[in-house]
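Have a look at the structure below, then the notes.
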Amino acid sequence: RSSPREKEYAAVSYPAFAELDAAKAEYDALFAEAAGKVGESKTRIDELTKQMNTMVAKKVGPATTVEDVYEAYPDIEAEIDEEIDTHQWAKDV
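In our numbering, the protein residues as written are 737 to 829.
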């Protein structure tokens, strides 16, 4: 047997929260945008890491040999040989 108050409580209806639905839609859109930005950032990190590794591999210093330079910059060997053959001693000075 139910009391009159139980009937009143059972009859209560609550309005839909339109603001909540709008906020959830906005949140979902922002979350999707953020997820896309994360993916773009990871791709960019990979690109920059490859670029950095290439730069480190091609770094020239006091311990660098001519063979190291030729290996890092294959096109330079032919250019240097041509400059020597044509006696262009101060071409890039």
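Quick reminder that beta carbons are idealized off the backbone N, C-alpha and C, glycines included.
Note that the coordinates shown come from a computational prediction; the quantities given were computed from them, not determined experimentally.
Considering residue i, what are the terminal residues of the alpha helix (DSSP H) in which it resides?
{"i": "GLN787", "result": "754-793"}
{"i": "ALA746", "result": "740-747"}
Please tell me whether residue i has its Cβ less than 8 Å away from any Cβ of chain C.
{"i": "GLY775", "result": "Here there is only one protein chain, and chain C is not present."}
What is the DSSP secondary structure of residue i, reduced to helix, strand or coil?
{"i": "VAL805", "result": "helix"}
{"i": "ALA814", "result": "helix"}
{"i": "ASP821", "result": "helix"}
Just checking, does the segment 780-796 make contact with the segment 804-813 on the three C-beta pairs under 8 Å criterion? yes
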